[in-house]
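Have a look at the structure below before the remarks.
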Amino acid sequence: MPTEIEKRDTYYESIIKQGYSRRDFLKFSTYMAAFMGLESTMVGQIAESLEKTPRIPIIWEHYQECTCCSESFIRSNHPIVADIILDKISLDYTLTLMAASGHQAEAAKKAVMDKYKGEYILCVEGSIPLGDDGNYCCIAGKSAKETFLEAAAGAKAIIAWGSCASNGCVQAAKPNPTGATPIHKIVKNKPIIRVPGCPPIGEVMAGVIMHVVAFGRLPQLDRLGRPKAFYGKRVHDTCYRRPYYDAGLFAETFDDQNSKNGYCLYKVGCKGPMTYNSCGTIKWNNGVSYPIQSGHGCIGCSEENFWDNGPFYERTTKIPGFAVESNADTVGKVAAGVIVGGIALHAVGATISKRKELSDNIKRAKSNEKNIDL
Amino acid sequence: MANRIVVDPITRIEGHLRIEAEIKDGVIVDAFSSSTMVRGIESIVKGRDPRDVWAFVQRTCGVCTTVHALTSVRAVEDALGIAVPPNAEMVRNIMEGALYMHDHTVHFYHLHALDWVDIVNALKADPKKTSEIAQSISNWPKSSPGYFSDVQNRVQKFVESGQLGIFANGYWGHPQMKLPAEVNLLAVAHYLEALEWQKEIVKVHTIFGGKNPHPNYLVGGMACAINSDGAGGLNAERLAYVGKLLKDGKDFIDQVYIPDLLAIASFYKDWGAIGKGFGNYMSYGDFPTNGYADMSGFKFPSGIILNGDLSKVLDVDHRNSEEIEEFVNNSWYDDYAEGKDKGRHPWEGETNIKYSGPKPPYDFLNVEEKYSFIKTPRWKGLPMEVGPLARLLVGYGRGNKEIQDAVNGALAHLNVPVDALFSTLGRTAARGIETQLVANWTLEFYDTLMNNIKNGDERMANMDSWEPSSWPAEAKGVGFMEAPRGALAHWITIKDQKTENYQLVVPSTWNASPRDPKGQRSAYEAALIGTPVANPELPLEIIRTIHSFDPCLACAVH
Amino acid sequence: METRNFKRVFVWELPVRIFHWVNVLCVIVLSLSGFLIANPPALISSAEATNLHSFGIVRFIHFAAAYIFFFNMILRVYWSFVGNKFASWRAFWPFSKKTWSNFKHVLKIDVLLFNEKVHDEKNISIGHNSVAILSYLLLFIVALVSVFTGFALYADTANWWLPKLFAWVTPLFGGDFMVRSIHHIAMWVFILFTLVHVYLVFYHDWLEGRGEVSSMFGGYKFVQEDRLRKAAKAEEAEEKSNKYK
Ligand code: HEM
Ligand code: HEM
Ligand code: NFV
Ligand code: SF4
Ligand code: SF4
Ligand code: F3S
Ligand SMILES: [Mg+2]
Numbered sequence: 013m014p015t016e017i018e019k020r021d022t023y024y025e026s027i028i029k030q031g032y033s034r035r036d037f038l039k040f041s042t043y044m045a046a047f048m049g050l051e052s053t054m055v056g057q058i059a060e061s062l063e064k065t066p067r068i069p070i071i072w073e074h075y076q077e078c079t080c081c082s083e084s085f086i087r088s089n090h091p092i093v094a095d096i097i098l099d100k101i102s103l104d105y106t107l108t109l110m111a112a113s114g115h116q117a118e119a120a121k122k123a124v125m126d127k128y129k130g131e132y133i134l135c136v137e138g139s140i141p142l143g144d145d146g147n148y149c150c151i152a153g154k155s156a157k158e159t160f161l162e163a164a165a166g167a168k169a170i171i172a173w174g175s176c177a178s179n180g181c182v183q184a185a186k187p188n189p190t191g192a193t194p195i196h197k198i199v200k201n202k203p204i205i206r207v208p209g210c211p212p213i214g215e216v217m218a219g220v221i222m223h224v225v226a227f228g229r230l231p232q233l234d235r236l237g238r239p240k241a242f243y244g245k246r247v248h249d250t251c252y253r254r255p256y257y258d259a260g261l262f263a264e265t266f267d268d269q270n271s272k273n274g275y276c277l278y279k280v281g282c283k284g285p286m287t288y289n290s291c292g293t294i295k296w297n298n299g300v301s302y303p304i305q306s307g308h309g310c311i312g313c314s315e316e317n318f319w320d321n322g323p324f325y326e327r328t329t330k331i332p333g334f335a336v337e338s339n340a341d342t343v344g345k346v347a348a349g350v351i352v353g354g355i356a357l358h359a360v361g362a363t364i365s366k367r368k369e370l371s372d373n374i375k376r377a378k379s380n381e382k383n384i385d386l
Numbered sequence: 005m006a007n008r009i010v011v012d013p014i015t016r017i018e019g020h021l022r023i024e025a026e027i028k029d030g031v032i033v034d035a036f037s038s039s040t041m042v043r044g045i046e047s048i049v050k051g052r053d054p055r056d057v058w059a060f061v062q063r064t065c066g067v068c069t070t071v072h073a074l075t076s077v078r079a080v081e082d083a084l085g086i087a088v089p090p091n092a093e094m095v096r097n098i099m100e101g102a103l104y105m106h107d108h109t110v111h112f113y114h115l116h117a118l119d120w121v122d123i124v125n126a127l128k129a130d131p132k133k134t135s136e137i138a139q140s141i142s143n144w145p146k147s148s149p150g151y152f153s154d155v156q157n158r159v160q161k162f163v164e165s166g167q168l169g170i171f172a173n174g175y176w177g178h179p180q181m182k183l184p185a186e187v188n189l190l191a192v193a194h195y196l197e198a199l200e201w202q203k204e205i206v207k208v209h210t211i212f213g214g215k216n217p218h219p220n221y222l223v224g225g226m227a228c229a230i231n232s233d234g235a236g237g238l239n240a241e242r243l244a245y246v247g248k249l250l251k252d253g254k255d256f257i258d259q260v261y262i263p264d265l266l267a268i269a270s271f272y273k274d275w276g277a278i279g280k281g282f283g284n285y286m287s288y289g290d291f292p293t294n295g296y297a298d299m300s301g302f303k304f305p306s307g308i309i310l311n312g313d314l315s316k317v318l319d320v321d322h323r324n325s326e327e328i329e330e331f332v333n334n335s336w337y338d339d340y341a342e343g344k345d346k347g348r349h350p351w352e353g354e355t356n357i358k359y360s361g362p363k364p365p366y367d368f369l370n371v372e373e374k375y376s377f378i379k380t381p382r383w384k385g386l387p388m389e390v391g392p393l394a395r396l397l398v399g400y401g402r403g404n405k406e407i408q409d410a411v412n413g414a415l416a417h418l419n420v421p422v423d424a425l426f427s428t429l430g431r432t433a434a435r436g437i438e439t440q441l442v443a444n445w446t447l448e449f450y451d452t453l454m455n456n457i458k459n460g461d462e463r464m465a466n467m468d469s470w471e472p473s474s475w476p477a478e479a480k481g482v483g484f485m486e487a488p489r490g491a492l493a494h495w496i497t498i499k500d501q502k503t504e505n506y507q508l509v510v511p512s513t514w515n516a517s518p519r520d521p522k523g524q525r526s527a528y529e530a531a532l533i534g535t536p537v538a539n540p541e542l543p544l545e546i547i548r549t550i551h552s553f554d555p556c557l558a559c560a561v562h
Numbered sequence: 004m005e006t007r008n009f010k011r012v013f014v015w016e017l018p019v020r021i022f023h024w025v026n027v028l029c030v031i032v033l034s035l036s037g038f039l040i041a042n043p044p045a046l047i048s049s050a051e052a053t054n055l056h057s058f059g060i061v062r063f064i065h066f067a068a069a070y071i072f073f074f075n076m077i078l079r080v081y082w083s084f085v086g087n088k089f090a091s092w093r094a095f096w097p098f099s100k101k102t103w104s105n106f107k108h109v110l111k112i113d114v115l116l117f118n119e120k121v122h123d124e125k126n127i128s129i130g131h132n133s134v135a136i137l138s139y140l141l142l143f144i145v146a147l148v149s150v151f152t153g154f155a156l157y158a159d160t161a162n163w164w165l166p167k168l169f170a171w172v173t174p175l176f177g178g179d180f181m182v183r184s185i186h187h188i189a190m191w192v193f194i195l196f197t198l199v200h201v202y203l204v205f206y207h208d209w210l211e212g213r214g215e216v217s218s219m220f221g222g223y224k225f226v227q228e229d230r231l232r233k234a235a236k237a238e239e240a241e242e243k244s245n246k247y248k
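In structure tokens:
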């Protein structure tokens, strides 16, 4: 395997061979330097431009995920993502969009981690499998856990994108075959902004980043580490179908007259009453709609364990710790039945076993009755 | 001696893909494709309510979001004998069409283009000449010299900032970069435009499914009720919105994507002879126009082509245990009880993760043993390539006029023979050609939907078999479709109202899998053989061929 | 034939009785409205949402009852410091030798239905028996759970500081899902308690004939005269011994 140095040489040689002018080369070197740590040896003369206040460097890691969070991010309308990545931040590492692959990609990340130690923001999309020594997710031959710890060490703050990084999401649903773990359980000594949702709303993601860029500080978080600005209210408390809920007008099933009328979806399983998210206010894809507006209940995608909190189409309460299908009312009814049965047995048992005591009592009562003097 | 190089991570794809290639005399002589991330979604849905499963499996992938949801509801509907109302069928078609438009366009500009387009070189372009080129190939209004010089200035400023972000360490100046500076600038401008455009077309999903990524589906139809005279459901305003989005989407594809594709391809015709692979192609067919049960009404026909022989198209049967089988001989799962070299039909499939690769950190995989989390699917024991190219070739072979015209048109434009389709360039071109077809069809589906409503049919879901108490004690079903990356199917068995077994065999599973017990390579590995590599340190050629498949590894493994 | 001479004894003071029946009423109202909240019935109405507020009313009733339930409980806790010995917190103290032996006795005689060889009236409790103590303690904890989870659910929409005091409960359980589930399950514990409790109250009344049921209305139970006499003597003796010390 060739060393880093050899690699670089080859790289620069090939640029010159391509007929770039010296001027191009210098311009080119400026950013190459930033990413390959060459400023002292090769491009000292253009260090000035590097002195400029840099855009906030971002390393965006991908672990056990479906990339929907990246997809959602690029859906942001305000600001649009081209403006974010060209003008606001420096998105220096993300498997989804970066031009470089393999060694070149890893070198870019390393350069940022060295140069901007303590300054870059680490974004994490996906959970980290701790099962089987972390073998279930490897990148460039390293386990996700290892790369995460490396990148977290020099990060100023960490953003946990989506339900995967915040809560484990679908792969952490029972039986969690890979030991998928949200990142706050792995790193405790860094500020972590949790931005749950499957995925989070694009504008919310952009909003979190813009908060850091525009105000120069992390957003205020609630007790679960979520930005208050976006997770302060339940979907239900901002839902435009709320008047139907208060009126008691519900869709009884899908596509019935009530659902056509836009009645509340509570009875077909809407989890809006337990779900903190901005869907009712910011809505999705530049305010076009949100699940409930399009006729489907909220499945609670920004809540911890939403996959295991009971079926999506029922208004049931799941018993914590019980098998998937048991719900509190079923267990309650069974328990009540058992108790009523027990009471009946007890009553019969008491009648038999206490008959002597009772008949004594009654005898006594009868004789007392006789003795009553009127 | 062959030299083993490793490209990990392969970027600008979905998921975690690692390629190890043996290079001899500047040409790849052997290759190994591996995915190094697993989640176990098939085990997670076991025991769940079949009506909920679409939401779980949809999270297989957020790039081809919706396809697993659709396939899942189709599988459950197949098992329970549910036919969805025509409106729901059309809404599903429209959503799928919108996904094609989005996914393929994003793939072209944001995932694939940087293999062919030199961003830094665009700084040398003359904006006036770029404008002339742009206007000569398209009517797209944003084409003035001023527009291109603005874009150029913006890139210039960006480069001078010293922070290159996602463009850092790219393959700029690589000898394989062949576009003139002006075409590079054109592509860079459209890279940015497409980034802005893509967030529009997905609003179709938002209207019908409430959000994108991961819109909502429903067993039996769709949840977005129609109420043409009410505020509570799909009404004229909502539907007009969809119509506009589809129309605008089509304009961008016709006037930007396709002209750019043809312009760029014309400089890379040599890639019409690279990356062929084994030449077997499979399509399940999709876009029903007369109900999912009537495959003759599908816009994309189903079928199989062997060894590039377009004159004969074979049939495929998902239910036949002799046809589709999955092997785990080279995959990190427990071997099947009946033996390492035996395959299983997905209805009998199992997923018992068991990693046996090297302990990280590692430099190389041990390719003599199991080396990937992807299973290996085979059709009658043969490897199949799936995807846009397979779809078009099957359509071509089946004599579908519309598809033949579209393909012949593009070939004529590029002035290349039909053989050039069996290649890296062919895959990339096929993706564009079908995007244009699908964009047209999607407008047809939209018209059908509107007509149906006009004629008084406002049904959107068939809830007759919604209640689990109405289901048989045991049932099994298969749902299939053509996802953007190719043939996708889910197999479900239901017992006592619960999901008893669930297996996904995904397009990228077909293409990216490790080799089978007979040692036959799957599509990625086969296509890489013979690919020239100018500089093993800069694996541009490898990622070109790999990107031509539009890899999705979260899909492939799940 | 032996006759037993029973004397009227004042056991449940008025505040205890008021607490009890207010509590019963609240639990019934909370459970009924709780069921409706958890699983609302289909409404047969063509009214527009603007003119209908039925579900809001159910929830209002639930919240109003919840407040009454909560303050009623606080008053009862207060009374356990100022009320008579049957109401005192000491009567609920489960860790004394006396409670423990009474517990074993109740378990043997009333639950497992053995018969006593020698009848010792001392074993018959005047206030709560020891098993009942445990059930009331359990109920107290469940009431706290209902209050904490209920107000936690309420906190994010409340304007008043009181419910907001409970906002920290939600993150403890990772979110509203679990909080709501626990709240719902707590309701079932109330229902199960009531079944057993009411049965046992009637059982004791029937078996012992000391006016158990009516005691929660009038406040009086009946205690054998010689037991009272013995108790009075013991008290006297104690006073004397105190004097000479
Ligand atoms: C201080 C006491 C209580 C407070 C503050 C309280 C508050 C609440 C709140 C806020 C809700 C949620 C309603 C909504 O989201 O609209 C609720 C639901 C409910 N409450 Fe209470 N509650 C209290 C006591 C009780 C008690 C004592 C019971 C039963 C004995 C009870 C039974 C229920 C039930 C069954 C639900 C429905 C839960 C579900 O959705 O499954 N609550 N309560
Ligand atoms: C929701 C239903 C009920 C609840 C939650 C409940 C709760 C309680 C509690 C907490 C006590 C202890 C009182 C104290 O020391 O402050 C108690 C005692 C008592 N309750 Fe109830 N009760 C219920 C229904 C009833 C009913 C229906 C009756 C009679 C018909 C009844 C009769 C009594 C009696 C007689 C006592 C005194 C028992 C003893 O001597 O230990 N209760 N109950
Ligand atoms: N392979 C794959 Fe997918 C697609 N298209 C799904 O079935 O990408 Ni995520
Ligand atoms: S949070 Fe949901 S949407 Fe985002 S990566 Fe995870 S599974 Fe995908
Ligand atoms: S639809 Fe859901 S979120 Fe909206 S009011 Fe009804 S229950 Fe609440
Ligand atoms: S499912 Fe998720 S998208 Fe919003 S409405 Fe519910 S939080
Ligand atoms: Mg599978």
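Protein chains in written order, with my numbering: chain D, 13 to 386; chain X, 5 to 562; chain V, 4 to 248. Glycine included, every Cβ here is placed at the ideal spot set by N, Cα and C. Here the structure is a predicted model, which means the values were calculated and not measured.
Residues of chain V with CB under 8 Å from residue i, in chain order?
{"i": "residue 357 of chain D", "result": "Those do not exist, as residue 357 of chain D stays about 10 Å from chain V at its closest Cβ, beyond 8 Å."}
{"i": "residue 222 of chain D", "result": "Residues of chain V passing the Cβ test: none, with the nearest at roughly 25 Å."}
{"i": "residue 362 of chain D", "result": "116, 206 and 210"}
{"i": "residue 303 of chain D", "result": "Here the premise fails: no neighbours, minimum Cβ distance about 17 Å."}
Along chain D, in chain order, which residues have C-beta atoms closer than 9 Å to that of residue i?
{"i": "residue 171 of chain X", "result": "43, 110, 111 and 112"}
From what residue to what residue does the beta strand (DSSP E) around residue i run?
{"i": "residue 8 of chain X", "result": "7-11"}
Can you pull the chain V residues whose beta carbon is under 9 Å from the beta carbon of residue i, in chain order?
{"i": "residue 246 of chain D", "result": "159, 160 and 179"}
Which residues in chain D have a C-beta closer than 8 Å to the C-beta of residue i? List them in chain order.
{"i": "residue 199 of chain V", "result": "351 and 355"}
Using 8 Å as the limit for Cβ to Cβ distance, is residue i near chain D?
{"i": "residue 193 of chain X", "result": "no"}
{"i": "residue 175 of chain X", "result": "yes"}
{"i": "residue 86 of chain X", "result": "no"}
{"i": "residue 191 of chain V", "result": "yes"}
Using a Cβ-Cβ distance cut-off of 8 Å, determine whether residue i contacts chain X.
{"i": "residue 80 of chain D", "result": "yes"}
Name the chain D residues that come within less than 7 Å of residue i, Cβ to Cβ?
{"i": "residue 183 of chain V", "result": "286 and 329"}
{"i": "residue 207 of chain X", "result": "297 and 300"}
Report task. Flag this pair as touching only if the region 101-118 of chain D and the region 161-172 of chain X have three or more C-beta atom pairs under 8 Å; answer yes or no. Result -> yes
Report task. Inspect the CB distances between the region 6-22 of chain X and the region 465-483 of chain X and report whether three or more fall short of 8 Å. Result -> no
Query raised in the report: Taking three-plus beta-carbon pairs below 8 Å as touching, is the region 43-60 of chain X in contact with the region 505-524 of chain X?
Result: yes
Query raised in the report: Are there three or more Cβ pairs, one per stretch, closer than 8 Å when the region 232-244 of chain X is compared with the region 190-205 of chain X?
Result: no
Requested in this report: Would you check if there are 3 or more beta carbon pairs closer than 8 Å linking the region 484-504 of chain X to the region 37-47 of chain X?
Outcome: no
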